[in-house]
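Structure record follows, encoded as structure tokens.
In this note's numbering, the protein residues as written are 64 to 194.
Dropping the structure here:
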């Protein structure tokens, strides 16, 4: 179901993505995840490393791509992709922690960042669809 956009407020699109707090936090998460994932050395964990890096990079990348779109509806769609990637990363972090590939404190730090970003993404998506 497509919800109508609110024409009475300014558009969120076509503006500088670097001004978005959610992008800054997602960028920091991608850097932190990359640093932690780089420490995973076991060859049998390579697919997990690749997936974690891909999901972590996908969050800010989708925010950036959506910010450059022409409509709030498109922006919201890309924020939804970012939210999906954040949820995917959340699961990969849990798996990495549970198999001992990353330290408990590293997992807790990353998970805390992911949860905060997911809340911010949901809030921004909701604002885009406000009546």
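Glycine residues also receive a C-beta, built at the ideal position from the N, C-alpha and C atoms.
For residue i, does the count of other Cβ atoms within 10 angstroms reach 16, so buried, or fall short, so exposed?
i, result
"residue 121", "buried"
"residue 175", "exposed"
"residue 125", "buried"
Quick one: is residue i near chain E, going by C-beta distance under 8 Å?
i, result
"residue 172", "Note that chain E does not occur in the displayed structure, where there is just one protein chain."
Nearest-angstrom Cα distance between residue i and residue j?
i, j, result
"residue 142", "residue 106", "33 Å"
"residue 191", "residue 185", "10 Å"
"residue 21", "residue 88", "Outside the shown range of the chain (64 to 194) lies residue 21, about which nothing can therefore be said."
"residue 166", "residue 115", "15 Å"
"residue 182", "residue 97", "22 Å"
"residue 94", "residue 117", "12 Å"
"residue 144", "residue 109", "24 Å"
"residue 137", "residue 113", "28 Å"
"residue 162", "residue 150", "19 Å"
"residue 193", "residue 91", "28 Å"
My assumption, with CB atoms under 8 Å, is that residue i sits in contact with residue j. Please give the rounded CB distance.
i, j, result
"residue 127", "residue 153", "Actually they do not touch by this definition, with Cβ atoms about 21 Å apart."
"residue 139", "residue 188", "5 Å"
Does the region 148 to 158 come close enough to the region 80 to 88 that 3 or more CB-CB pairs lie under 8 Å? no
Could I get the ranges of all uninterrupted alpha helix (DSSP H) runs contained in the region 124 to 159, with 4 residues as the minimum, in chain order? none
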